[in-house]
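Colleague:
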Amino acid sequence: MSPAVQMFMHDVAARNPGEREFHQAVGEVVESVMPVVEKQPEFRKARMLERIVEPERAVMFRVPWVDDRGEVRVNRGFRVQFNSALGPFKGGLRFHSSVNLSIVKFLGFEQMFKNALTTLPMGGGKGGSDFSPKGKSDGEVMRFCQAFMGELFRHVGPDTDVPAGDVGVGGREIGYLFGQYKKLVNRFEGWITGKGLNWGGSLIRKEAAGFGTVYFAAEMLATRGQTFDGKTVCISGYGNLGSHALEKVNELGGKVVTIADEHNYIYEPDGIKGDKARYVIDLWQVHRQGLEAYAEKYGAKLLPGRPWKTPCDVAIPTGAENEITLDDAKALVANGCKCVAEGANMPSTAEAIKHFQDNGVLFGPGKAANAGGVATSGLEMTQNSIRMAWSREEVDAKLKEIMKRIHCVCLETAEAYGTPGNYVNGANIAGFVKVANAMLDQGVV
Ligand code: 2IT
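Using numbering that gives the first Met the number 0, you'd call the opening residue of the sequence shown number 0 and step up by one each time.
Rendered as structure tokens:
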């Protein structure tokens with residue numbers, strides 16, 4: 000770390016005490032972009048780095064609701080509106096017990112650069128709650144969503160801030176959130192993405208983050224003249240992202256040997272294919288069940304821990320932040336892994352990323368590799384604006400094209416700034432320069 004980066008990060012840590020995940024996300028970007036800022040007097044004069052690490056607005060609110068036994072429950076809601084230089088704030092809502100201000104800030108910070116990479120007109124933000132839908136009834140989830148929107152609606156809207164799903168927020172939650180928003184503002188607005196297909200949603204939005212991550216990985220493999228055909232792949236989730244990544248890997252001829260939840264994983268040496276793959280897609284979204292149900296149905300063993308000791312060619316982490324530690328990275332490299340595409344946000348620790356890069360692994364960071372989800376949210380907004388719905392093929396072709404372009408921009412930028420093949424630098428610098436130039440044009444606001 001250069002002295003300039005060290006000094007800057009010292010201030011970030013002092014201003015945002017205890018926000019470990021936020022420090023980590025900022026540190027990675029600052030390390031990539033400091034050489035760019037040092038060479039550009041306009042950026043330095045405008046205090047671009049100092050401004051860009053400060054959210055435009057962050058709201059935190061009480062979410063009281065009543066559970067099925069009639070007990071009053073209290074959760075905490077967040078929306079961090081990070082940057083609107085490129086468009087309305089845009090980014091998902093995460094409902095998970097781990098959610099706190101640090102997590103939402105790190106996610107919002109990453110989202111601003113990710114959205115810039117999509118080339119669509121979207122700023123960056125993120126929100127959520129420490130409420131977990133797991134183990135709750137539909138009625139409880141609905142009452143929680145209504146209570147959450149009871150405050151959030153004041154801060155959002157189609158030209159202000161456009162939420163979507165993230166971990167714990169899928170089609171069911173988006174429906175309840177949208178319904179309550181519409182009731183409160185008395186307008187049906189093409190707002191919030193991930194909507195139901197019969198009331199303004201986009202085809203492929205559900206699949207987009209998973210498909211997009213695999214498209215990005217396929218582009219990385221192609222730089223070495225390789226394809227997914229015959230590759231062994233480890234995936235660490237089974238939800239929206241993991242299950243659709245699995246679907247796409249199968250389609251491209253790869254073999255997915257693991258899926259996982261937060262504590263356990265399943266290893267299927269012959270691959271999760273056909274019936275099993277279809278069941279994984281429905282497991283949470285339709286059946287509201289976990290890996291135990293899969294294990295029971297197919298007589299598979301539920302193994303403790305993370306799947307990263309499993310030999311594979313490609314790893315697609317789709318779980319929580321920092322789920323790949325240095326030890327995991329060492330095991331992956333030692334077992335022959337040549338490509339890592341981050342489906343989740345910041346699933347690899349800084350040390351793990353360095354190990355991958357030092358060992359010639361193609362490493363696609365989340366803000367580039369998983370940008371297909373939000374890119375397709377952007378396509379959903381476009382369809383809502385023009386009051387049209389595109390076909391599955393049209394949306395998928397646009398998604399593929401966007402992922403190709405992001406891959407290309409990352410590679411070209413990495414090369415132009417003297418670190419060829421470093422997708423982390425490529426994504427961080429390309430995203431930063433786009434947002435920073437827009438901020439320069441818009442003055443000190
Ligand atoms: O991390 C992400 O990019 C998302 N959760 C999707 C955000 C969105 O607005 O579609």
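Glycine included, each C-beta is placed from N, C-alpha and C at the ideal position.
For Gly273, count the other beta carbons within 10 Å of its own beta carbon; 16 or more makes it buried, fewer makes it exposed. Which is it?
Modeller: Start at 1 with the first residue of the sequence shown, and residue 273 comes out as number 274. Flag for Gly273 reads exposed.
Colleague: For Asn74, I'd like the list of residues in its chain whose CB is within less than 6 Å of its CB, leaving aside the five on either flank, ordered along the chain.
Modeller: Your numbering for residue 74 matches position 75 in the sequence shown. Once the five neighbours on either side are set aside, the close Cβ partners of Asn74 are Val62, Ser128, Asp129, Phe130.
Colleague: CA-CA distance, Arg43 and Val29?
Modeller: Counting from one through the sequence shown, the residue named residue 43 turns up at place 44. Counting from one through the sequence shown, the residue named residue 29 turns up at place 30. Their Cα atoms are separated by approximately 13 Å.
Colleague: Alpha carbon to alpha carbon, how far is Ala330 from Gly122? Give it in angstroms, no decimals.
Modeller: Translated into the one-based positions of the sequence shown, residue 122 becomes position 123. Translated into the one-based positions of the sequence shown, residue 330 becomes position 331. Between Gly122 and Ala330, the C-alpha separation is close to 37 Å.
Colleague: Taking 7 Å as the cut-off, does the CB of Gly209 come closer than this to any heavy atom belonging to the ligand 2IT?
Modeller: Looking up residue 209 in the sequence shown gives position 210. No; taking the cut-off as 7 Å, the Cβ of Gly209 has no heavy atom of the ligand 2IT nearer than that.
Colleague: With DSSP run on the structure shown, which of helix, strand or coil describes Lys104?
Modeller: For this step, residue 104 is matched to residue 105 along the sequence shown. If DSSP states are grouped into helix, strand and coil, Lys104 belongs with the helices.
Colleague: Is the beta carbon of Ala163 within less than 7 Å of some heavy atom of the ligand 2IT?
Modeller: Position 164 of the sequence shown holds residue 163. Answer for Ala163: yes, Cβ within range of the ligand 2IT.
Colleague: With distance defined between alpha-carbon atoms, name the residue in His95, Asn197, Asn99, Glu379 nearest to Val79.
Modeller: By one-based count along the sequence shown, residue 79 stands at place 80. Val79 has its Cα closest to that of Asn99, out of His95, Asn197, Asn99, Glu379.
Colleague: Regarding Val394 and the ligand 2IT, is the C-beta to nearest heavy atom distance less than 7 Å?
Modeller: Taking the sequence shown and counting its residues from 1, one reaches residue 394 at position 395. Because no heavy atom of the ligand 2IT lies under 7 Å away, the Cβ of Val394 does not count as near it: no.
Colleague: Taking all protein chains shown into account, do 16 or more other C-beta atoms lie within 10 angstroms of the C-beta of Ile102, making it buried, or fewer, making it exposed?
Modeller: Walking along the sequence shown from the start, residue 102 turns up at place 103. Label assigned to Ile102: buried.
Colleague: Considering only the beta carbon of each residue, do Phe152 and Val184 sit closer than 8 Å?
Modeller: The residue given as residue 152 occupies position 153 in the sequence shown. The residue given as residue 184 occupies position 185 in the sequence shown. Result yes, Cβ atoms of Phe152 and Val184 sit closer than 8 Å.
Colleague: Could you give the residue range of the alpha helix (DSSP H) that holds Gly372?
Modeller: Here the question's residue 372 lines up with position 373 in the sequence shown. That run of the alpha helix (DSSP H) goes 371-385.
Colleague: Which residues in the same chain as Pro34 place their Cβ atom closer than 8 Å to its Cβ, once the five residues preceding and following it in sequence are excluded?
Modeller: Stepping through the sequence shown from its first residue, residue 34 is reached at position 35. Cβ neighbours of Pro34 beyond the five flanking positions: Tyr416.
Colleague: If we count the other Cβ atoms within 10 Å of its Cβ and call it buried at 16 or more, is Arg46 buried or exposed?
Modeller: Here residue 46 refers to the residue found at position 47 when the sequence shown is read from its first residue. Looking at its Cβ environment, which holds fewer than 16 other Cβ atoms inside 10 Å, Arg46 is exposed.
Colleague: Are Leu92 and Gly138 touching if we call contact CB-CB under 8 Å?
Modeller: Sequence index remark: in the sequence shown, residue 92 carries index 93 (1-based). Sequence index remark: in the sequence shown, residue 138 carries index 139 (1-based). Cβ atoms of Leu92 and Gly138: not closer than 8 Å.
Colleague: Report, in whole angstroms, the separation of the C-beta atoms of Gly193 and Ser242, which I expect to be a contact under 8 Å.
Modeller: Residue numbering aside, residue 193 sits at position 194 when the sequence shown is read from its first letter. Residue numbering aside, residue 242 sits at position 243 when the sequence shown is read from its first letter. No, Gly193 and Ser242 are not in contact; Cβ-Cβ is about 15 Å, not under 8 Å.
Colleague: Would you give the residue range spanned by the alpha helix (DSSP H) that Val4 belongs to?
Modeller: Reading the sequence shown from its first residue, position 5 is the one you call residue 4. Note, Val4: alpha helix (DSSP H), 2-14.
Colleague: My guess is that Asp312 and Cys336 are in contact by the Cβ rule of under 8 Å, so how many angstroms apart are they, rounded?
Modeller: Here residue 312 refers to the residue found at position 313 of the sequence shown. Here residue 336 refers to the residue found at position 337 of the sequence shown. Yes, Asp312 and Cys336 are in contact; Cβ-Cβ is about 6 Å, under 8 Å.
Colleague: Please report how far the alpha carbon of Gly86 lies from the alpha carbon of Pro40, in whole angstroms.
Modeller: The residue given as residue 86 occupies position 87 in the sequence shown. The residue given as residue 40 occupies position 41 in the sequence shown. The alpha-carbon atoms of Gly86 and Pro40 are separated by roughly 25 Å.
Colleague: Whole-angstrom Cβ separation of Ala435 and Tyr422, contact assumed at under 8 Å?
Modeller: Counting from one through the sequence shown, the residue named residue 435 turns up at place 436. Counting from one through the sequence shown, the residue named residue 422 turns up at place 423. Rounded, the Cβ-Cβ distance is 20 Å, inconsistent with contact.
Colleague: Around the Cβ of Gly76, are there at least 16 other Cβ atoms within 10 angstroms (buried) or fewer (exposed)?
Modeller: In the sequence shown, the residue the question calls residue 76 occupies position 77. Its Cβ being crowded by 16 or more others within 10 Å, Gly76 is buried.
Colleague: Have a look at Asn369 and Leu398 and give me their C-alpha separation to the nearest angstrom.
Modeller: Here residue 369 refers to the residue found at position 370 when the sequence shown is read from its first residue. Here residue 398 refers to the residue found at position 399 when the sequence shown is read from its first residue. Answer to the nearest angstrom: the Cα atoms are 11 Å apart.
Colleague: So, helix, strand or coil for Arg404, using DSSP?
Modeller: Here residue 404 refers to the residue found at position 405 of the sequence shown. Note: Arg404 maps to helix in three-state DSSP.
Colleague: Between Gly127 and the ligand 2IT, is the CB less than 7 Å from at least one heavy atom?
Modeller: Walking along the sequence shown from the start, residue 127 turns up at place 128. No - the ligand 2IT has no heavy atom lying nearer than 7 Å to the Cβ of Gly127.
Colleague: Would you tell me roughly how many angstroms separate the C-alpha atoms of Pro16 and Val52, rounded to the nearest one?
Modeller: Taking the first residue of the sequence shown as position 1, residue 16 is located at position 17. Taking the first residue of the sequence shown as position 1, residue 52 is located at position 53. Cα-Cα distance, rounded: 14 Å.
Colleague: Would the beta-carbon of Asn321 be found less than 7 Å away from any heavy atom of the ligand 2IT?
Modeller: Start at 1 with the first residue of the sequence shown, and residue 321 comes out as number 322. Checking every heavy atom of the ligand 2IT against the Cβ of Asn321, none is found closer than 7 Å.
Colleague: Return yes when the C-beta of Ser242 is under 7 Å from any heavy atom of the ligand 2IT, and no when it is not.
Modeller: Within the sequence shown, numbered from 1, the residue matching residue 242 stands at position 243. Every heavy atom of the ligand 2IT is 7 Å or more from the Cβ of Ser242, so no.
Colleague: Tell me whether Thr192, by its Cβ, gets closer than 7 Å to a heavy atom of the ligand 2IT.
Modeller: Translated into positions along the sequence shown, residue 192 becomes position 193. Correct: Thr192 has its Cβ closer than 7 Å to the ligand 2IT.
Colleague: Taking DSSP as the reference, what is the three-state secondary structure of Ile265?
Modeller: Indexing the sequence shown from 1 puts residue 265 at position 266. If DSSP states are grouped into helix, strand and coil, Ile265 belongs with the strands.
Colleague: With a CB to CB cut of under 8 Å and the five nearest residues on each side skipped, what residues in its chain are close to Ala3?
Modeller: Within the sequence shown, numbered from 1, the residue matching residue 3 stands at position 4. Around Ala3: Met33, Glu37.
Colleague: Looking at the strands, I want to know which residues DSSP matches up with Val339.
Modeller: As a working mapping, residue 339 is identified with position 340 in the sequence shown. Ala314, Phe362, per the DSSP bridge assignment.
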